[in-house]
Structures are given as structure tokens and as C-alpha cells.
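Here the structure is laid out as C-alpha cells; the discussion comes afterwards.
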Amino acid sequence: KAGVTQTPRYLIKTRGQQVTLSCSPISGHRSVSWYQQTPGQGLQFLFEYFSETQRNKGNFPGRFSGRQFSNSRSEMNVSTLELGDSALYLCASSPVVAGPSQFFGPGTRLTVL
Amino acid sequence: AQTVTQSQPEMSVQEAETVTLSCTYDTSESDYYLFWYKQPPSRQMILVIRQEAYKQQNATENRFSVNFQKAAKSFSLKISDSQLGDAAMYFCAYRNPWWDDMRFGAGTRLTVKP
Chain V
1 KAGVTQTPRY
11 LIKTRGQQVT
21 LSCSPISGHR
31 SVSWYQQTPG
41 QGLQFLFEYF
51 SETQRNKGNF
61 PGRFSGRQFS
71 NSRSEMNVST
81 LELGDSALYL
91 CASSPVVAGP
101 SQFFGPGTRL
111 TVL
Chain B
1 AQTVTQSQPE
11 MSVQEAETVT
21 LSCTYDTSES
31 DYYLFWYKQP
41 PSRQMILVIR
51 QEAYKQQNAT
61 ENRFSVNFQK
71 AAKSFSLKIS
81 DSQLGDAAMY
91 FCAYRNPWWD
101 DMRFGAGTRL
111 TVKP
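Residue numbers (the working numbering), protein chains in the order written: chain V, 1 to 113; chain B, 1 to 114.
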């Protein structure tokens, strides 16, 4: 089976712009979670989707949003980018909600100038 | 709130030797999952080993094993016969079985010396 894929792998934006990141889970996986990784804050949970519904959300401002499509692919959107949004954004998929295994994609490296 | 603590920012081991990475966590739940993930320079998070809290037996995966002490809320990772390819950041993680909110420790950078 193909692993979790994320596009694009690298992205450079300027402050105030918005960005959309995409994640395709492993075939058959219906749960998708997003994480932000920064040197200062480490790995932080953003949100989790299952069957097109957001089930859980981390402590991030409303500028961070996401959605999941019927084929389980997920997108994450960040509006009005700030310098502090520069990070590695990781997507992970699971067969079921909060199951024992979660598989990560390679991440999208976002740089905000 | 559940927290995960890795008190060793950096560790070093000689090739072929054994090293133990420490992790403690705080939770009031009795059922949960614990994980060790490896993140090499490629930044791809790779699952190393998983432990279900209801299982008393410590999980093992080839050269990797854990020492799970539920009462002490301790979850250490032992890497035997260390190899150069083991060099990476290692993250300890906790997950509640009802919510998909995985909590990570700050990570331990492991260096393997030839």
C-alpha cells in the first residue's frame, strides 16, 4: 500500500497570504490528523477528521482550518499567514478514530517571509 | 491534561552498544496507548514501537524494546546493538483511545558513534 502523501513538500509564502496543504491518507484509512512541528513548540495537534467531520481540534486560532472529503483526503488551510506559522506540517492517518496506529506523511515545510 | 516529558534532550551511544531513552507521562486515564516515534533527518515520522496500557507485557520489535511501568507512568525505550541508522530524533507519545489527539514529548536526539 502507498503511504500517506502530502503536497506540496515545500512552500514559501509571505505574511498575510493564505495557504492550503493537502494530505492523502493510506488507502482504507478514514481518520486524518494534522500536526504542527516547530523548534520552539515541538509537535502540536491541530485537528482530526473522520468521515468528513472534525472530531477534535487543538489550541490554535481560527486562522487554521481544515476539511475532509468523501475519499478521506484532507486539506488544511491557514489564512492571514504570520511569521510564526513557519513550521513543518505533518499529516497522519489511521484506519479508525483514535486507533492504536497512526501513520505519518513526509510533511509540508512552510516558510513564511 | 495529559503531558509527556522526555528529560534527555540528547543522548549518545557507541555503535553495537545499548542505549535507553527515558519518557514519563501524566494522565488520569487507565486505558491509553504509548508510542515511540523516530524522526530521521528526512523528517518522516516512523513508528518504532507501540504499547497498550492494558497489556502488562512489555512490547518488543527486533532490537527495540520498552520498559513500561504503569504505576510510575514511565515508558522507556531500549535500543540494543545500536546501528548508525538509528541516529535520529526520538519522540515519546501518548494517545487517549477516545480522542485522536496525540501528545508528544520534546524529543531526544540520539547520536550513534562509529
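No residue lacks a Cβ here, since even glycine has one placed at the ideal position from N, Cα and C.
Is the beta carbon of residue j closer than 7 Å to that of residue i?
{"i": "L110 of chain B", "j": "M11 of chain B", "result": "yes"}
{"i": "S76 of chain B", "j": "T18 of chain B", "result": "no"}
{"i": "K73 of chain B", "j": "Y25 of chain B", "result": "yes"}
{"i": "K57 of chain V", "j": "F50 of chain V", "result": "no"}
{"i": "L81 of chain V", "j": "R15 of chain V", "result": "yes"}
{"i": "L114 of chain V", "j": "L110 of chain V", "result": "Coverage of chain V is limited to positions 1 through 113, which leaves residue 114 of chain V absent and any answer about it impossible."}
{"i": "E75 of chain V", "j": "T20 of chain V", "result": "yes"}
{"i": "G105 of chain B", "j": "C23 of chain B", "result": "yes"}
For residue i and residue j, what's the separation of their Cα atoms in angstroms?
{"i": "F91 of chain B", "j": "S31 of chain V", "result": "22 Å"}
{"i": "C87 of chain B", "j": "V112 of chain B", "result": "Here residue 87 of chain B turns out to be Ala, not Cys, going by the sequence shown. Their backbone Cα atoms lie some 6 Å apart in a straight line."}
{"i": "N71 of chain V", "j": "L90 of chain V", "result": "19 Å"}
{"i": "R116 of chain B", "j": "Y94 of chain B", "result": "Within the shown structure, residues of chain B are numbered from 1 to 114, placing residue 116 of chain B beyond reach of any answer."}
{"i": "V4 of chain V", "j": "Q69 of chain B", "result": "32 Å"}
{"i": "N58 of chain B", "j": "A71 of chain B", "result": "14 Å"}
{"i": "S27 of chain V", "j": "S94 of chain V", "result": "10 Å"}
{"i": "L48 of chain B", "j": "F35 of chain B", "result": "Per the sequence presented here, residue 48 of chain B reads as Val, with Leu not at that position. About 7 Å."}
{"i": "Q83 of chain B", "j": "R43 of chain B", "result": "19 Å"}
{"i": "Q6 of chain V", "j": "R67 of chain V", "result": "15 Å"}
{"i": "G105 of chain V", "j": "Q14 of chain B", "result": "30 Å"}
{"i": "N59 of chain V", "j": "Q2 of chain B", "result": "14 Å"}
{"i": "E52 of chain B", "j": "A92 of chain V", "result": "19 Å"}
{"i": "S65 of chain B", "j": "I79 of chain B", "result": "7 Å"}
{"i": "E29 of chain B", "j": "Y54 of chain B", "result": "11 Å"}
{"i": "D85 of chain V", "j": "R63 of chain B", "result": "38 Å"}
May I ask you to list the residues that DSSP assigns as paired with residue i?
{"i": "M102 of chain B", "result": "B:R95"}
{"i": "A92 of chain V", "result": "V:S33 and V:F104"}
{"i": "A88 of chain B", "result": "B:L110"}
{"i": "R43 of chain B", "result": "DSSP, once it has assigned bridges, lists no residue as partnering R43 of chain B."}
{"i": "Q2 of chain B", "result": "The partner list for Q2 of chain B (beta bridge, DSSP) is empty, contrary to what the question assumes."}
{"i": "S80 of chain B", "result": "Its beta-bridge partners do not exist; DSSP assigns none."}
{"i": "Q57 of chain B", "result": "None, per the DSSP bridge assignment."}
{"i": "E52 of chain B", "result": "B:Y33"}
{"i": "K38 of chain B", "result": "B:I46 and B:Y90"}
{"i": "Q69 of chain B", "result": "B:S74"}
Under 7 Å, Cβ to Cβ, is there at least one residue of chain D near residue i?
{"i": "F45 of chain V", "result": "The structure shown contains no chain D; its protein chains are V and B."}
Which runs of the beta strand (DSSP E), 3 residues or longer, sit entirely within the stretch 6-91 of chain V? 10-13, 19-24, 31-38, 42-50, 53-57, 64-68 and 74-78
To be precise: take each residue of the stretch 86-110 of chain B, compare its Cβ to all Cβ atoms of chain V, and keep it if any distance is under 9 Å. Which residues remain? F91, A93, R95, N96, P97, W98, W99, D100, D101, M102, R103, F104, G105, A106 and G107
Against chain V, which members of the stretch 32-56 of chain B pass a CB distance test of less than 9 Å? Y33, F35, Y37, Q39, S42, R43, Q44, M45, I46, L47, R50 and E52
Where the stretch 59-84 of chain V meets chain B: residues whose CB sits under 9 Å from a CB there: none
Please identify, using Cβ separations under 7 Å, the residues of the stretch 19-50 of chain V that lie next to chain B, in order along the chain. S31, S33, G42, L43, F45 and E48
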